[in-house]
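Written below as structure tokens is the structure these notes are about.
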Amino acid sequence: MMSVDGPLTLNEKIYAVVQRVPQGKVTTYGQVAKMVGKCTARQAGYAMAAVPADLEIPWHRVINAQGKISVRSDGAPDPRQHRALLAEGVVFSPAGRVDLARYAWQPSFEDYLQEPEEPGLG
DNA sequence: CTTCTGACGAAAT
DNA sequence: CATTTCGCCAGAA
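Counting in my numbering, the first sequence runs from 77 upward without gaps.
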């Protein structure tokens, strides 16, 4: 079991959101961060870099706001991420970018762990 | 305990 | 479009 200081650690919240990204769709670090709530795109990136091999997180569906696969410390993007997306039907432009207007995941209100803004409930 | 490193994004210049 | 600044979690040594 993982130790937690609250219901979930920040990374666990991020993983929970990424797990909701459907096949054939992509999301961005910034989008994940907003859905998690108190989180930044940077944190989402850190979390992706720390995805436990135990968990089955569709981390390959998380790309940057430019619609491109982010490079790792290697200096180049992981080819496995590119292949995984192609296998799901995600199309890349000649520049190696994904059309976010077409493939970006459109989450429902319930997909959010924490409302990013006043939902108007109270 | 300290130090280092690691999948980003928005705004200003 | 390129560069700079800020944001500030988690694991390893």
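A virtual CB, placed ideally from N, CA and C, is assigned to each residue, including glycine.
Spanning the alpha carbons of P155 and L161 requires a straight line of approximately 10 Å.
Under DSSP, F168 shares a beta bridge with V174. For A163 and G100, the gap between their C-alpha atoms comes out near 8 Å. DSSP places A120 within a helical segment (H, G or I) once states are collapsed to three. The secondary-structure analysis by DSSP pairs V138 across a beta bridge with T103. The closest CA to that of L84, considering only V112, Y105, R96, T104, is found on V112. When secondary structure is reduced to three states using DSSP, K144 falls in the strand class. In this structure, the CA atom of S184 is about 21 Å from the CA atom of V166. In this structure, the alpha-carbon of L176 lies about 12 Å from that of I145.
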